[in-house]
């Protein structure tokens, strides 16, 4: 694919703006996939773990530096968005607790936090299990 790409030299401001547009596009792509998975419109078989990610990274690297860096950007944005989901243990979960505190006028109870953290851990472990299961299924098929 890289042999079909054309290198376009841009002024620093134009390059900065183009990078922001590309980042926005990748962010929207990730958000649409997360939304589809939550709504059941996309299969959880599309969730990849570290084995598949490493495999795809190798494949994109063999195509060329541009493809590899684009893949890394996609993964970085995806992980950043995942971290912002309102799941306790993740940054988004902490932000969610702060939002509740602002709206309620007082912090959430310790009991609620502890239960939420346990549920969040269960969600994260479940996602990890699905990702690893998908990775090994792909390897064995």
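Residue numbers (the numbering used here): 1 to 141.
Backbone N, C-alpha and C fix where the C-beta goes; we use that ideal spot for every residue, glycine too.
Would you kindly report the start and end of the unbroken alpha helix (DSSP H) that includes residue i?
{"i": "residue 11", "result": "First-last for residue 11: undefined, no H or E at that position."}
Sort the options by Cα distance to residue i and report the nearest one.
{"i": "residue 73", "options": "134, 131, 26", "result": "26"}
{"i": "residue 20", "options": "137, 121, 77", "result": "77"}
{"i": "residue 122", "options": "61, 43, 88", "result": "88"}
{"i": "residue 135", "options": "55, 65, 100", "result": "55"}
{"i": "residue 75", "options": "33, 90, 100, 141", "result": "33"}
{"i": "residue 28", "options": "126, 69, 80, 125", "result": "80"}
DSSP on residue i, reduced to helix/strand/coil?
{"i": "residue 119", "result": "helix"}
{"i": "residue 126", "result": "helix"}
Counting C-beta neighbours from all protein chains within 10 Å, is the total for residue i 16 or more, i.e. buried, or is it exposed?
{"i": "residue 48", "result": "buried"}
{"i": "residue 14", "result": "exposed"}
{"i": "residue 112", "result": "exposed"}
{"i": "residue 96", "result": "buried"}
{"i": "residue 9", "result": "exposed"}
{"i": "residue 120", "result": "buried"}
{"i": "residue 105", "result": "exposed"}
Original post:
Fully enclosed by the region 17-103, which alpha helix (DSSP H) runs are 4 residues long or longer?
Top reply: 50-63, 65-84
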